Ligand SMILES: *Cc1c(COP(=O)(O)O)cnc(C)c1O
């Protein structure tokens, strides 16, 4: 079958929840993806901030194959070595004390919200606690994660979602403070807003929220699903601020392409929240998923991924600044490490289509922002190549 025939079959069988690019993938290698007709694409999307180590990484693939031949699944009624190893390594890279494995980012958010509510419930016996989330945030598509996602368009048709959620303005401490009541149990935000347009938290916002949470015994939850796992040059973006959350979520890059998520918490929250019977999952923490996490963390260290992100993040920043000066269509450039965005004066879908035609994969964040989230192994040559194509695409418009 040719590409068109596959796409027709897909459209006849799949639920139409995505406007997909007209590409059927065959395989990947390093920074490149290849479609079934052999066309090669430089990838600055990474499967949405997932494929940090690049495609077809031999050591990673071998670790998965080895685990598949041992055991894939056992359930959480027993222990398995990959889960023990992965949990220890996650504690080490995050500085958190307790780990719960999930299958996705949204599910990690669900767990974090449940832990915060249980914490408040154990404190006063009430069930009317409020959670403050941010406008323009994104936390996932389940009913709970959607309830804290600050995009009314995503939520509207699915109301009522979980109740007692309030929204404040990201990076505006006073707007958060104005929403705090005696019933506030948690404040939740992304350390760097991803889908909402690549907005890093300011240092003062992070610090003020931390103080507020300490003063009022409010659980501070940071969503590091997109910005975590090295993307900003620190293992977790919050580590750049000297501020530690009480609960945090991680997913996307943490499984290197295997669907996993995780929520983690301090000992204090663990001692006063979820306990036996409060939460569970069939697949979460299964040996295959955890072998992936464990190997990903090892490879970050072996390949010194963080220093590459720091170096390439600066280089990408410089290159994108040049483009920003060159084209009036680019209104703003922001971001940190290998999570950067170009805000344009018009919708960027046409520009992205041009890029795809030239063999460069890009993704938007909102309608007017181009989001650059390449694999964390990206090199100067890859960035030069990307900028060359992007330059051509801007010139074409
Ligand atoms: C992608 C994302 C999620 C949701 O993760 P899924 O694995 O798609 O459920 C939650 N929060 C942030 C910040 C994300 O980028």
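In the working numbering, the protein residues as written are 550 to 946.
We put the CB at the ideal spot given by N, CA and C, even for glycine.
This one's a predicted model, so the numbers in the text were calculated from it and none came from an experiment.
Using only alpha-carbon positions, find the residue among the options that is nearest to residue i.
i: residue 858; options: 875, 887, 850; result: 887
i: residue 834; options: 755, 637, 614; result: 637
i: residue 752; options: 581, 719, 628; result: 719
i: residue 828; options: 726, 812, 586; result: 812
i: residue 806; options: 577, 573, 561; result: 577
i: residue 808; options: 657, 764, 717; result: 657
i: residue 661; options: 697, 701, 580, 929; result: 697
i: residue 609; options: 866, 838, 928; result: 838
i: residue 690; options: 648, 826, 744; result: 744
i: residue 777; options: 614, 804, 761; result: 804
i: residue 928; options: 556, 561, 863; result: 863
i: residue 750; options: 728, 722, 765, 763; result: 722
i: residue 677; options: 649, 640, 715, 648; result: 715
i: residue 884; options: 938, 897, 740, 933; result: 740
i: residue 821; options: 615, 556, 674; result: 674
i: residue 823; options: 851, 615, 648; result: 648
i: residue 601; options: 908, 898, 561, 850; result: 850
i: residue 916; options: 898, 764, 559; result: 898
i: residue 770; options: 640, 606, 681; result: 681
i: residue 902; options: 848, 628, 568, 650; result: 568
i: residue 865; options: 618, 810, 926, 788; result: 926
Quick one: Cα of residue i to Cα of residue j, how far?
i: residue 799; j: residue 772; result: 7 angstroms
i: residue 842; j: residue 712; result: 34 angstroms
i: residue 603; j: residue 633; result: 26 angstroms
i: residue 587; j: residue 706; result: 41 angstroms
i: residue 802; j: residue 775; result: 8 angstroms
i: residue 853; j: residue 642; result: 13 angstroms
i: residue 574; j: residue 585; result: 6 angstroms
i: residue 938; j: residue 554; result: 29 angstroms
i: residue 825; j: residue 856; result: 40 angstroms
i: residue 867; j: residue 933; result: 11 angstroms
i: residue 591; j: residue 924; result: 10 angstroms
i: residue 551; j: residue 946; result: 31 angstroms
i: residue 845; j: residue 639; result: 11 angstroms
i: residue 766; j: residue 679; result: 13 angstroms
i: residue 563; j: residue 556; result: 10 angstroms
i: residue 589; j: residue 605; result: 15 angstroms
i: residue 616; j: residue 701; result: 42 angstroms
i: residue 724; j: residue 814; result: 26 angstroms
i: residue 626; j: residue 619; result: 18 angstroms
i: residue 516; j: residue 763; result: Here the chain comprises residues numbered 550 to 946, so residue 516 is not present and cannot be evaluated.
i: residue 559; j: residue 848; result: 35 angstroms
i: residue 561; j: residue 788; result: 46 angstroms
Enumerate in chain order the residues of its own chain whose CB-to-CB distance from residue i is below 7 angstroms, with the five nearest sequence positions on each side excluded.
i: residue 905; result: 570
i: residue 920; result: 747, 890, 912, 913, 914
i: residue 818; result: 664, 668, 768, 795, 796
i: residue 659; result: 691, 693, 694
i: residue 703; result: 695
i: residue 726; result: 761
i: residue 699; result: 682, 683, 684, 685, 686, 716
i: residue 572; result: 584
Can you check whether the C-beta of residue i is within less than 8 angstroms of a C-beta belonging to chain C?
i: residue 626; result: Chain labels in this structure do not include chain C; a single protein chain is all it has.
Using a Cβ-Cβ cut-off of 8 angstroms (strictly less than) and excluding sequence neighbours within five positions of residue i, which residues of its own chain qualify?
i: residue 943; result: 872, 875, 876, 878, 879, 900
i: residue 869; result: 882, 889, 891, 921, 936
i: residue 918; result: 746, 747, 890, 891, 892, 893, 897
Assuming contact is defined by CB atoms lying nearer than 8 angstroms, are residue i and residue j in contact in what I supplied?
i: residue 709; j: residue 836; result: no
i: residue 793; j: residue 596; result: no
i: residue 738; j: residue 683; result: yes
i: residue 816; j: residue 646; result: yes
i: residue 910; j: residue 613; result: no
i: residue 831; j: residue 653; result: no
i: residue 686; j: residue 728; result: no
i: residue 907; j: residue 860; result: no
i: residue 780; j: residue 655; result: no
i: residue 810; j: residue 566; result: no
Counting only the same chain and skipping the five closest in sequence on each side, list residues whose C-beta sits under 6 angstroms from that of residue i.
i: residue 790; result: 752, 755
i: residue 635; result: 839, 842, 843
i: residue 931; result: 580
i: residue 621; result: 837
i: residue 629; result: 623, 836
i: residue 607; result: none
inquiry  = Could you check whether the stretch 662-669 touches the stretch 732-750, counting it as contact only if at least three pairs of C-beta atoms, one from each stretch, sit closer than 8 angstroms?
reply    = The stretch 662-669 is in contact with the stretch 732-750.
message = Any contact between the stretch 756-763 and the stretch 777-787? By contact I mean 3 or more CB pairs, one from each, below 8 angstroms.
response = At 8 angstroms Cβ cutoff, the stretches do not touch.
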